[in-house]
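Since the structure comes first, as structure tokens, the remarks are kept for the end.
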Amino acid sequence: MPIPPAPMTYQCSACNWKRTVVPRSDCLTFGKDIFVECPRCQKPLTARPATTLEATLAKLMPRFR
Numbered sequence: 027m028p029i030p031p032a033p034m035t036y037q038c039s040a041c042n043w044k045r046t047v048v049p050r051s052d053c054l055t056f057g058k059d060i061f062v063e064c065p066r067c068q069k070p071l072t073a074r075p076a077t078t079l080e081a082t083l084a085k086l087m088p089r090f091r
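With the numbering used here, letter number 47 in the sequence shown gets 73, and the count goes up by one each step, no holes.
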């Protein structure tokens, strides 16, 4: 049975872009569930586990970004 990874928050230190993702399955898609570089400025991102509040908001409002 697939186990989804923990929610992650990706943040760009150059342009302050930020996104919290809550994967639905263990199949991750670049640009949707996992990010390596900033979609705005193409700089490397920092990743950290999402806080409970960030994960809850990401689950409740997935399309209001």
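Glycine is no exception: its CB is placed at the ideal position from the N, C-alpha and C atoms.
Query raised in the report: Can you tell me the Cα-Cα spacing of A76 and C67, whole angstroms?
Result: 22 Å
Report task. Compare the Cα-Cα distances from W43 to each of I29, T55, E63, A84 and report the closest residue. Result -> Sorting I29, T55, E63, A84 by C-alpha distance to the C-alpha of W43 places E63 at the top.
Query - Cβ pair R50, P30 closer than 8 Å - result: It is a contact, given that the beta carbons lie within the stated cut-off.
Query raised in the report: With respect to the beta strand (DSSP E) encompassing T46, which residues constitute its N-terminal and C-terminal limits?
Result: 44-47
Report task. List the residues that DSSP assigns as beta-bridge partners of F61. Result -> DSSP output for F61 lists no bridge partner at all.
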